[in-house]
Amino acid sequence: MKDIARRFPQNPLLLPKDITPSREEFQVVCLLNPGVFKFEGKTWLLVRVAETIAQKEGFINFPALNATGNTEIIEVPLNHPELIATDSRILNYKGLDYLTTISHLRLLCSDDGIYFKEPESNASLFGIGYLERFGIEDCRVSQIGETYYLTYTAVSDSGVGVGLRTTKDWKIFENAGMIFPPHNKDCAIFEEKINGKYYALHRPSSKEIGGNYIWLAESEDGKLWGNHQCIIKSRPGHWDSARVGAGAAPIKTEQGWLEIYHGANKEHQYCLGAFLMDLNDPSKVIARTIDPIMVPTENYELSGFFGFVVFTNGHIINGDELTIYYGAADEFVCGARFSIKEILSLLH
Ligand code: MAN
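Structure (structure tokens):
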């Protein structure tokens, strides 16, 4: 299938080897799913760095934070009868779920939006507390006034929820804690208030009845959220039949709020699509793309830590040009450009 993305010829922009591990004994296995923002005239990525520890033969070893916030290494014999390890991302041991890697968020900046490097005072954000003991992931960065809202996936043995931290200067962060409890991820806050209220897209999951759908929530203060409404569902028989989730903050256009979202089928193949919400009342979805606007096509998207994945949660807008940064095959950071008008023309 042909898509409408114009990929950067320099892709992949960042590989796991381009980043130093957060601890000497760790290895960076994936560099993916960056939040993106402008600050002091530069383009910044808040990249998810997924790390693990050297593997001992006959075992699976992986790091997690313990109750006191220190890193511990969990070791599981490969032939253990109570080990289920069929997915490179997660495992189940003695009835409990774990991640094979632990993620933190790392800041990188660039003058041209193509070559990114870590600033001198390299800043990292790590999981804090028991609700983030398996790490923090896939951060969306929304700017409202001078405040940046960081909404990210907080993972622990208690489940997967959405954490919020805010900052004005990227040095001091306020931790607002978990704003959407498990199971929830893919949260993007709108970058302006609508009729005096904050709005956010989020993605709760319901296992027995319902599914992995995109919801809308409102808030008076950006921290306590309510009036939840389900606005976008997965579509049986389509590329987005198993799950859908919001990308970065919606893009304001004359026709409505444009959202780039990811969808996956039962085979966990991740593509991108778009939908449009009413400017005054974003709970009204006006239109949606039928076919994906981006499909894993290049080698770096088809194979890697988890192949056949394009996943975006950050972009920069310049007039009609939308530059997305995206995780390819859950392992690399890449870039691609779109015409916003062209995306709008594909909505039905
Ligand atoms: C899924 C994938 C992983 C992620 C976990 C927890 O399994 O998206 O990459 O680490 O969920 O969020």
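One point on numbering: in our numbering, the residue at position 145 of the sequence shown is 140, and numbering is uninterrupted. Note that beta-carbon positions come from the ideal geometry of N, C-alpha and C, so glycine has one too. Computed from a predicted model, the values in this text were never measured in an experiment.
Could you check where the beta strand (DSSP E) with residue i kicks off and where it finishes?
| i | result |
| --- | --- |
| S340 | Looking at the DSSP string, S340 is not in any beta strand (DSSP E); the run it does join, the alpha helix (DSSP H), is I335 to S340. |
| Y88 | I85 to Y88 |
| H197 | Y193 to P199 |
| S137 | G130 to I139 |
| L317 | E316 to A323 |
| I109 | I109 -> no beta strand (DSSP E), and no H or E assigned at all. |
| V304 | Taken as a continuous stretch (DSSP letters only), V304 belongs to no beta strand (DSSP E), as it is neither H nor E. |
| P58 | F54 to L60 |
| P72 | T66 to P72 |
| I281 | V280 to R283 |
| T248 | I246 to T248 |
Do residue i and the ligand MAN come close, with the Cβ less than 7 Å from some heavy atom?
| i | result |
| --- | --- |
| L94 | yes |
| T146 | no |
| D181 | no |
| D325 | yes |
| V155 | yes |
| I69 | no |
| R84 | yes |
| E132 | yes |
| V150 | yes |
Confirm, please, whether the CB-CB distance from residue j to residue i is below 8 Å.
| i | j | result |
| --- | --- | --- |
| A323 | P7 | yes |
| V280 | I226 | yes |
| V44 | L94 | no |
| E30 | C134 | Checking the displayed sequence, the identity of residue 30 turns out to be Gly instead of Glu. Yes; because the gap between Cβ atoms is below 8 Å, this pair is in contact. |
| A62 | Y125 | yes |
| N222 | R198 | no |
| Y356 | C266 | Outside the displayed range of the chain (-4 to 343) lies residue 356, so it cannot be described from this structure. |
| D106 | K33 | no |
| S236 | N260 | yes |
| S137 | Q224 | no |
| E113 | R101 | yes |
| I(-1) | I311 | no |
Run through the DSSP bridge pairs and tell me what residue i is partnered with.
| i | result |
| --- | --- |
| L102 | L41 |
| C25 | A45 |
| H257 | G240 and L267 |
| V290 | BP columns for V290 are empty, so no partner. |
| Q224 | L211 |
| I97 | E46 |
| R160 | L145 and N170 |
| N179 | P199 |
| K(-3) | DSSP lists no partner for K(-3). |
| W252 | K247 and M272 |
Tell me the residue span of the alpha helix (DSSP H) that contains residue i.
| i | result |
| --- | --- |
| Y295 | N294 to L297 |
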